[in-house]
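To start, the structure itself, in structure tokens.
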Amino acid sequence: MSTEQRAGWLYADMEIVEKEDALLSPEERMAEAVEPLLFWFQKNARILPWREEPTPYHVWISEIMLQQTRVEAVKDYYRRFLEALPDIQALAQVPEERLLKLWEGLGYYNRARNLKKAAEETVNRYGGELPASYEELVSLPGIGSYTAGAIASIAFGIPVPAVDGNVLRVTARLMADTDDILKQSVKRRTEALLQKIMPRDEAGAFNQALMEIGALVCVPNGAPHCSRCPLEGLCLACRYGKTDVIPVKTPKKARTIEERTIFAVARGSEVLLRKRPEKGLLAGLYELPGASGYLTEQEALDFLGLEEKDAVVLEKLPEARHIFSHVEWRMQGYYISLRDEAQTKAGFFAERETAREAYALPGAFRAYAAYLFDRKS
DNA sequence: AAATCGGGGTG
DNA sequence: CACCCAGATTT
């Protein structure tokens with residue numbers, strides 16, 4: 000629609016101010032949002048550990064940790080991680096076992112492996128400093144379009160967008176856009192739109208302002224707090240009362256259920272562990288040995304390669320379950336205390352304290368690990 | 001485009 | 001209980 004048409008409509012119906020506003024193009028509407036967002040962010044930015052000294056390394060670590068992970072969950076991991084690995088060189092050299100132990104419980108463990116790979120590349124190709132360009136950043140392992148944009152804008156002041164779930168939700172509501180925000184075409188379109196209106200000198204603050212609005216005001220769960228939003232008068236979803244149906248997201252596929260049997264095996268002061276495969280779920284982490292399906296006591300002994308005389312105690316444990324994003328484990332457990340001479344090929348024995356301190360054991364095993372670690376025997 | 005990859009908070 | 005989160009990578 001041309002400026003003349005818009006003006007014509009406006010002059011024809013001066014009373015209806017909403018109509019004039021409804022004629023803004025997405026780009027114009029987004030451009031109108033820049034100053035209010037920057038002003039709001041100045042006053043409402045949370046104090047977060049990674050905002051104290053936003054070096055490229057600090058921003059990088061925080062952004063990787065924050066992928067699909069809430070701010071509150073990240074804080075303590077972030078502090079502990081930086082204490083252990085204060086710079087890129089330390090990260091490039093850390094043994095993988097120690098790295099995974101630092102990441103234990105945070106999930107998406109390939110993030111940690113990719114972090115180390117990228118640190119090695121940074122040392123080898125860029126002299127140990129993260130490159131100050133979006134293109135080079137996005138080519139590093141674990142750094143996609145969002146994270147490259149976040150590091151580039153926040154740490155280097157490069158005017159590029161950083162489009163995450165918050166930004167997609169806020170922009171979809173601002174435009175009352177009913178397209179599925181999970182489609183990559185919508186993400187690309189949003190990036191292109193934001194690139195056009197990006198404030199050249201405040202890209203970092205602007206990107207963070209959009210995300211901060213999404214986290215604090217235009218929230219993902221429950222109704223947004225539109226009365227506290229600096230974009231209230233500009234937002235079409237708010238005006239049309241559609242914040243409950245926007246953003247549109249296609250439902251995810253239902254989880255598959257897997258039945259497993261887990262073995263909590265003790266032998267004196269030792270416990271039985273097993274290293275998981277290097278690919279797939281919980282890759283490279285440690286676990287209590289297990290088998291698919293529900294095993295009887297005899298099948299359990301057979302699986303472990305034990306004879307009846309080896310097991311001093313063989314106790315069936317309560318069922319436990321653990322929910323991953325796309326799989327649910329329903330677990331039957333056995334607590335087995337072995338005589339000192341007993342052997343098994345189902346895993347390796349580690350001293351209880353060593354196992355606790357040195358091996359990354361995911362939370363999925365917590366219920367049964369408690370029988371080994373939190374209980375005298 | 002769809003599936004994979006964790007764990008925890010929230011209504 | 002279902003949904004979502006400062007996503008990236010593989011298939």
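Per numbering that gives the first Met the number 0, residue 0 is the first one in the first sequence, and the count goes up by one each step.
Where a beta carbon is used, it is the ideal one built from N, C-alpha and C, also for glycine.
Rounded distance between the beta-carbons of residue j and residue i, thought under 8 Å
| i | j | result |
| --- | --- | --- |
| Ser291 | Arg259 | 6 Å |
| Gly148 | Val159 | 5 Å |
| Pro246 | Ile180 | 5 Å |
| Met29 | Leu294 | About 58 Å; that fails the 8 Å criterion. |
| Ile153 | Gln207 | 7 Å |
| Leu371 | Ala263 | 5 Å |
| Met330 | Glu314 | About 15 Å; that fails the 8 Å criterion. |
| Glu96 | Ala357 | 7 Å |
| Thr189 | Val162 | 5 Å |
| Thr68 | Leu105 | 7 Å |
| Glu211 | Ala44 | 6 Å |
| Leu209 | Leu99 | About 33 Å separates the two Cβ atoms, so there is no contact after all. |
| Leu360 | Glu286 | 7 Å |
| Tyr76 | Trp49 | Rounded, the Cβ-Cβ distance is 11 Å, inconsistent with contact. |
| Leu281 | Arg273 | About 11 Å; that fails the 8 Å criterion. |
| Ile157 | Tyr133 | 6 Å |
| Glu119 | Ala91 | 5 Å |
Per-residue DSSP class, three states only, for residue i
| i | result |
| --- | --- |
| Ser226 | helix |
| Glu103 | coil |
| Pro25 | helix |
| His57 | helix |
| Lys315 | strand |
| Leu84 | coil |
| Lys248 | coil |
| Arg338 | coil |
| Ser132 | coil |
| Arg50 | helix |
| Gln92 | helix |
| Arg320 | strand |
| Gly7 | A caution first: Gly7 carries a pLDDT of 30, below 50, which makes its placement in the model unreliable, though a value can still be read off. Residue state, collapsed to three classes: helix. |
| Val326 | strand |
Buried/exposed call for residue i, threshold 16 Cβ in 10 Å
| i | result |
| --- | --- |
| Lys42 | exposed |
| Ile256 | exposed |
| Pro94 | exposed |
| Phe38 | exposed |
| Gly283 | buried |
| Ile261 | buried |
| Ser184 | exposed |
| Ala363 | buried |
| Ala202 | buried |
| Ala369 | exposed |
| Ala222 | exposed |
| Arg172 | buried |
| Glu307 | exposed |
| Val244 | exposed |
| Lys115 | buried |
| Thr242 | buried |
| Pro288 | buried |
| Pro229 | buried |
| Ser61 | buried |
| Ala204 | buried |
| Val312 | exposed |
Close beta carbons around residue i, own chain, < 8 Å, minus the five adjacent residues each side
| i | result |
| --- | --- |
| Glu3 | Note that Glu3 scores 33 on pLDDT, short of 50, meaning its location in the model is unreliable; the coordinates nonetheless yield the value given after this. So the list is empty, once near-sequence residues are dropped. |
| Tyr239 | Ala175 |
| Arg168 | Ile180, Gly213, Cys217, Pro219 and Pro246 |
| Ala341 | Arg266, Leu305, Asp309 and Ala310 |
| Arg110 | Ile63, Met64, Gln66, Trp102 and Gly141 |
| Ser226 | none |
| Arg355 | Phe372 |
| Ala6 | Note that Ala6 has pLDDT 35, beneath the 50 cutoff, so the model's placement of it is unreliable and the number below is only indicative. Same-chain partners within the cutoff: there are none. |
Residue i: CB within 6 Å of a non-hydrogen atom of the ligand ADP
| i | result |
| --- | --- |
| Glu120 | Annotation note on the ligand ADP: not contained in the displayed structure, which lists no ligands. |
6 Å CB neighbourhood of residue i in its chain, flanking five on each side removed
| i | result |
| --- | --- |
| Ala299 | Tyr333 |
| Ser58 | The displayed chain sequence assigns Val, not Ser, to residue 58. Taken in chain order, the residues that qualify are Ile150, Ile153 and Ala154. |
Cutoff 7 Å; reference residue i; Cβ partners in own chain excluding five residues on either side
| i | result |
| --- | --- |
| Trp328 | Glu257, Arg259, Arg320, His321 and Ala363 |
| Asn113 | Pro140 and Gly141 |
| Leu350 | Leu is not the amino acid found at residue 350; the sequence shown has Glu there. Hits under 7 Å: Ser268 and Glu269. |
| Phe80 | Ile60 and Leu101 |
| Ala117 | Leu139, Pro140, Gly141 and Ile142 |
> At which residue ranges does the segment 158 to 212 contain complete alpha helix (DSSP H) runs of 4 or more residues, listed in the order of the chain?
Replying inline: Those alpha helix (DSSP H) runs which fall completely within the segment 158 to 212 and span 4+ residues are 164 to 174 and 183 to 196.
> Considering only residues of the segment 228 to 311, which uninterrupted alpha helix (DSSP H) runs meet the minimum length of 4 residues and lie entirely inside it, listed in chain order?
Replying inline: Inside the segment 228 to 311, DSSP marks whole alpha helix (DSSP H) runs of 4 or more residues at positions 235 to 238 and 296 to 303, from first to last along the chain.
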